[in-house]
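All remarks here apply to the structure that follows.
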Amino acid sequence: VPKIPFLHPNSPKLSEARDALREIEHSGVLSNYGPVNTRLEREILESMFDGRGACLTVCNATTGLMMAIKHCTGEARAPRRYALMPSFTFAAPAHAAIWCGLTPLFCDIDPHDWAASEAAERELLDRYGEEVAVVVPYATFGNCIDLKRYEKLAAEYGVAVVIDAAASLGSICEDGFGFGTGCPFPIVYSMHATKAFATTEAGLIYCTDVDAVNELRAMANFGFAGKRVAMMPGLNGKLNEITALMALLKLKELASSVEHRTKIATLYSKELPELTFQQVSGRRHAFMFVSVLLPAELAGPRPEVLRRLAADGVEARTYFSPHVAEQPYFHGRSLSGDLTVTNDVACRILSLPLSDFITEEQVHIVCAALRNALA
Ligand SMILES: Cc1ncc(COP(=O)(O)O)c(C=O)c1O
Numbered sequence: 017v018p019k020i021p022f023l024h025p026n027s028p029k030l031s032e033a034r035d036a037l038r039e040i041e042h043s044g045v046l047s048n049y050g051p052v053n054t055r056l057e058r059e060i061l062e063s064m065f066d067g068r069g070a071c072l073t074v075c076n077a078t079t080g081l082m083m084a085i086k087h088c089t090g091e092a093r094a095p096r097r098y099a100l101m102p103s104f105t106f107a108a109p110a111h112a113a114i115w116c117g118l119t120p121l122f123c124d125i126d127p128h129d130w131a132a133s134e135a136a137e138r139e140l141l142d143r144y145g146e147e148v149a150v151v152v153p154y155a156t157f158g159n160c161i162d163l164k165r166y167e168k169l170a171a172e173y174g175v176a177v178v179i180d181a182a183a184s185l186g187s188i189c190e191d192g193f194g195f196g197t198g199c200p201f202p203i204v205y206s207m208h209a210t211k212a213f214a215t216t217e218a219g220l221i222y223c224t225d226v227d228a229v230n231e232l233r234a235m236a237n238f239g240f241a242g243k244r245v246a247m248m249p250g251l252n253g254k255l256n257e258i259t260a261l262m263a264l265l266k267l268k269e270l271a272s273s274v275e276h277r278t279k280i281a282t283l284y285s286k287e288l289p290e291l292t293f294q295q296v297s298g299r300r301h302a303f304m305f306v307s308v309l310l311p312a313e314l315a316g317p318r319p320e321v322l323r324r325l326a327a328d329g330v331e332a333r334t335y336f337s338p339h340v341a342e343q344p345y346f347h348g349r350s351l352s353g354d355l356t357v358t359n360d361v362a363c364r365i366l367s368l369p370l371s372d373f374i375t376e377e378q379v380h381i382v383c384a385a386l387r388n389a390l391a
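When we follow my numbering, the leftmost residue of the sequence shown carries the number 17, and every step to the right adds one.
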């Protein structure tokens, strides 16, 4: 029975970058925004974001979200107490909000692209008004969401915005630029090993507001500004030089990796026309995995479907089920609006294997195993 893993990280080959590693060792600069981080930020800005604005490396996206939320909400004081976000996401943005002294306020998603629904966001913004400190949309599974919509929301409601684009580094919009280009709000990307842009642990914050990025840089360095004296809320959010080198190596191979993932995702949708796929927009997607919705009558038996797939050597998952509002830690520490679509999507979702290594032949095996499991 072939074993097809759900994910198979393709981290860059540090073992083949001995000269660059020696250079880092020789320089004695291992962190604190050394030359490798500086080069990485410059190359990402030029190659993905049209050279507009600025970006900042961070040690992981969760820390990046904490920093960005803290930066735009300050000392969270009443009445601004809520961080509005979809519940169909990972636990990280909800944790980040709580670390910033805010309460997650979960909204429903769109049934087609599985990102926060505009009507649901507006309903909660109208209901809670000035109590909402920040809106934290998620670009679901690397999709290119409509960022102009958040410029309108920010102007209308006077609310801050931080975009969680954990899986989107490498996604390209219809205009040919990387997802996020030109965005005035901080956008936080992950370069975790499980993402298409795989390193070990790393993240990136991008935005057109260069002053905000400079302040975030100081925040990530203990809140030191100029002298080594804390001038603002701070933590240690810096990325080390060795992981920055991995990211530079990844940047070179990213296009072929994302193209392969896109081709595989297209093949899945051709092979499984009977299932519902996420509606995606943009030119290229840095897919992490491929998600489908099972028919409603198979939501209950989903554990059995997973068992049958496993018996055929296929590892599948259920991102994001349970969704965040369902997770015990957030009970009593969050509020939710109506989550009808979220509950429906979460209980039917099935996430299928994807990696830089998966072959078309393996996709046929996965699809045959899935059809067999559903029969
Ligand atoms: C939606 C979302 N936000 C944030 C994160 C956090 O990223 P990191 O692991 O780099 O902290 C993840 C991680 O997978 C994620 O899926």
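Where is the CB? At the ideal position from N, CA and C, for every residue including glycine. Remember, predicted model here, so these are calculated numbers, not experimental data.
Skipping 5 residues on each side, what residues in its chain have a beta carbon closer than 6 Å to that of Arg96?
-> Ala149
Contacting residues, own chain, Cβ-Cβ under 6 Å from Gly250 (five flanking each side not counted) = Met235, Phe238 and Gly239
Taking the alpha-carbon positions, what's the Thr105 to His42 distance?
-> Computed Cα separation, rounded: 42 Å.
Taking only the alpha-carbon atoms, compute the straight-line gap between Met247 and Leu232 and give it to the nearest angstrom.
-> Taking the straight line joining both Cα atoms gives about 12 Å.
Give a yes or no on whether the C-beta atoms belonging to Val321 and Ala391 are separated by under 8 Å.
-> no
Among Thr259, Tyr144, Tyr173 and Gly174, the one whose alpha carbon lies nearest that of Gly50 | Thr259
Start and end residues, beta strand (DSSP E) containing Thr73 = Ala70 to Val74
Below 8 Å between beta carbons: does that hold for Ala302 and Leu185?
-> yes
Own chain partners of Ala70 with C-beta closer than 6 Å, once the 5 adjacent residues on each side are dropped = Val226 and Val229
Cβ of Ala132 within 7 Å of any heavy atom in ligand 3?
-> The ligand content of the structure shown is limited to ligand 1, which means ligand 3 is not among them.
Within 8 Å, strictly: CB atoms of Asp180 and Leu81 | yes
Integer-rounded CB distance, given that Ala263 should sit under 8 Å from Ala218 = 6 Å
Reference Glu91, options Asn76, Ala112, Val74 and Leu118, closest by Cα | Leu118
Counting Cβ pairs, one atom from each stretch, are 3 or more of them under 8 Å apart for the region 100-115 and the region 327-344?
-> yes
Run of the beta strand (DSSP E) containing Pro102, from where it starts to where it stops | Tyr98 to Pro102
For Ala33, the three-state DSSP class (helix, strand or coil) | coil
Taking buried to mean at least 16 other C-beta atoms within 10 Å of its own C-beta, is Ser272 buried or exposed?
-> exposed
Could you tell me whether the Cβ atoms of Leu169 and Val151 are closer together than 8 Å?
-> yes
Within its chain, find whatever has a CB closer than 7 Å to the CB of Gly67; leave out the 5 residues flanking it on each side and keep chain order.
-> Leu61
Report, in whole angstroms, the separation of the C-beta atoms of Trp130 and Val361, which I expect to be a contact under 8 Å.
-> 6 Å
Is it true that the CB of Leu351 sits closer than 8 Å to the CB of Tyr284?
-> At the C-beta level, Tyr284 and Leu351 stay beyond 8 Å of one another.
Leaving aside the five residues before and after Ala155 along the sequence, list all residues of the same chain whose C-beta is less than 6 Å from its C-beta, in chain order.
-> Ile161, Ala181 and Ser184
Where the alpha helix (DSSP H) containing Ser273 begins and where it ends | Taken as a continuous stretch (DSSP letters only), the alpha helix (DSSP H) holding Ser273 covers Glu257 to Glu287.
Output the distance between the C-alpha atoms of Arg244 and Val45, rounded to the nearest integer angstrom.
-> 18 Å
For Ile40, which residues from the same chain have a beta carbon less than 6 Å from its beta carbon, with the 5 sequence-adjacent residues on both sides left out?
-> Glu257
Paired residues, beta bridge with Phe293 - DSSP = Assignment of beta-bridge partners to Phe293 by DSSP yields Val308.
Name the two residues that bound the continuous alpha helix (DSSP H) containing Val382.
-> Glu376 to Leu390
Bounding residues of the alpha helix (DSSP H) (the contiguous stretch that carries Leu368) = Taken as a continuous stretch (DSSP letters only), Leu368 belongs to no alpha helix (DSSP H), being part of the beta strand (DSSP E) at Ile365 to Leu368.
Give a single yes or no on whether Asp180 has its beta carbon closer than 7 Å to a heavy atom of ligand 1.
-> yes
Pull up the DSSP beta-bridge partners for Phe122, would you.
-> Met101 and Ser352
Exposed or buried, Gly242, counting other C-beta atoms within 10 Å across all chains shown (16 or more means buried)?
-> exposed
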